[in-house]
Amino acid sequence: MKQHKLLPLSETMHYILLALREPLHGYAVMQKVENLSHGTVVLAAGTLYGAIENLNKHGWIEPVGNSGRRKFYVITTEGKEILSRENERLSHIVSLYEGGEPNENN
Amino acid sequence: MKIIKMFFDIEKEEKWLNEQLQKGYRCTNINGFGIYTFEETDNSYVIRLDCQEYMSKRKSEEYIGLHEDFGWTYLKGSWLGGIRYWQKEAGNHNEIFSDRQSKGNYYKRVMNYCLVLGMFCLIYSFMLFSDQPTLYFDGLWSMEGSLFCKALIFETPFVLLKLLPVFMAIIFGISYYKAYQKHSILKE
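Same order as they appear, the protein sequences are chains U and L. Residue numbering for the first sequence follows the numbering used here, beginning at 1385 and increasing consecutively. Residue numbering for the second sequence follows the numbering used here, beginning at 126 and increasing consecutively.
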């Protein structure tokens, strides 16, 4: 299977998808990501705009309404599948850090 | 203060604009003829340039609204696409791109922008030359002495004008290549 061009998820995309497990508008996504990452990931406006465009285009997030001129987005089922696949991939890497399965293939 | 200037390189333009701001100005207007208007200020500002293609009205509202939420003011941009100018009071978040991926995508858009404009100039000059393939009119070369000199001097500005789209195509080509280089560094 050909790997999707957004996979593995970049740090930006990863945090945005995680933040959008609840419906949020753009600026609130930035604030939540800053919180979730303990202040290490601070999204800039252009980056966030492009990422939302991109995730929306691939059907991983979808618009769920407006409040004034602000548009709210939320993760889709497909987006959640991506997250669970990334969860497996990262859990495996973490297990290697912790010294698991050292001689599985030898 | 008004300054008239012309740029073919988006990064040079951004750099120049920020140099003006550092002298204690903020930009109040930019128009399509290359007239930049500044006003003195005690606060410090930053300008960032983005490049976006055509957007529908709703897309454009979302694009502008999101940037405004972050404190950016939309100085100028055309609905047709191209360069978009953002200004903001200098603070903690002075960039519009915060990761390599989005900066790389930005250079990709700059490449497309230069390509479209460069192609346009090229097609235009091609049409100009297929209409009238010589630069100087044919009789010029059979003239002699001072008449030849006068005619040559008289015609040269028109020839340069005719060559202008060719020069511009070359300049856009160079800008395309510069953006391509930066794009490929970020892709690595």
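Cβ coordinates follow ideal geometry from the N, Cα and C atoms, glycine included. Please read all numbers here as calculations on a predicted model, not as lab measurements.
Query                                                                                                                              : Result
4-residue-minimum alpha helix (DSSP H) runs that sit fully inside the region 156-201 of chain L, ordered along the chain           : 182-194
8 Å Cβ cutoff, Q212 (chain L) in contact with chain U                                                                              : no
Distance, N168 (chain L) Cα to K312 (chain L) Cα                                                                                   : 36 Å
Close beta carbons around C246 (chain L), own chain, < 6 Å, minus the five adjacent residues each side                             : P290, M293, A294
F195 (chain L) at chain U interface by Cβ criterion, 8 Å                                                                           : yes
Closest by C-alpha distance to V284 (chain L), when choosing among L:Q147, L:M236, L:L253, L:Q212                                  : L:L253
Alpha-carbon spacing of I1436 (chain U) relative to K287 (chain L), whole angstroms                                                : 45 Å
Alpha carbon of H1409 (chain U) to alpha carbon of Y301 (chain L), nearest angstrom                                                : 35 Å
Residue burial classification, G1414 (chain U) (beta-carbon count within 10 angstroms, cutoff 16)                                  : The amino acid occupying residue 1414 (chain U) in the given sequence is Met; Gly does not appear at that position. So M1414 (chain U) counts as buried.
Validate contact between the region 181-198 of chain L and the region 1451-1463 of chain U using beta carbons, cut 8 Å, 3 pairs    : yes
Residue-chain proximity (A1403 (chain U), chain L), Cβ-Cβ < 8 Å                                                                    : no
Beta carbon proximity, L1427 (chain U) to chain L, threshold 8 Å                                                                   : yes
Through-space distance from M131 (chain L) to Y161 (chain L), alpha-carbon basis                                                   : 10 Å
Among L:Y199, L:E139, L:H218, L:L242, nearest to N154 (chain L) - alpha-carbon criterion                                           : L:Y199
Beta-bridge partners of S1451 (chain U), as assigned by DSSP                                                                       : U:R1454
Which of helix, strand or coil DSSP assigns to T153 (chain L)                                                                      : strand
Backbone secondary structure at Y261 (chain L) - three-state DSSP                                                                  : coil
Classification of W266 (chain L) by the beta-carbon crowding that lies within 10 angstroms, buried from 16 upward                  : exposed
Distance, G1483 (chain U) Cα to N1490 (chain U) Cα                                                                                 : Since pLDDT at N1490 (chain U) reaches only 47, below the 50 mark, its modelled position is unreliable, and the value read off the structure follows with that caveat. Whole-angstrom Cα-Cα distance: 16 Å.
The region 1460-1478 of chain U / the region 1431-1448 of chain U touching (three or more Cβ pairs under 8 Å)                      : yes
G243 (chain L) and G298 (chain L) closer than 8 Å at C-beta                                                                        : yes
First through last residue of the alpha helix (DSSP H) which encompasses I310 (chain L)                                            : 270-312
For R183 (chain L) and N1450 (chain U), the rounded distance between their alpha carbons                                           : 12 Å
The region 271-284 of chain L / the region 249-263 of chain L touching (three or more Cβ pairs under 8 Å)                          : yes
Residue range of the alpha helix (DSSP H) that includes K140 (chain L)                                                             : 135-147
Cut-off 6 Å between Cβ atoms - residues of its own chain near C176 (chain L), not counting five sequence neighbours on either side : I208, R234, V235, Y238
Where R173 (chain L) falls, given that 16 or more other Cβ within 10 Å makes a residue buried                                      : buried
K213 (chain L) in three-state terms, based on DSSP                                                                                 : strand
CA-to-CA distance, E193 (chain L) to T1431 (chain U), given in whole angstroms                                                     : 14 Å
Cβ shell of L1401 (chain U) (< 8 Å), same chain only, five flanking positions each side left out                                   : L1393, L1439, W1444, I1445, I1459, G1463, I1466, L1467
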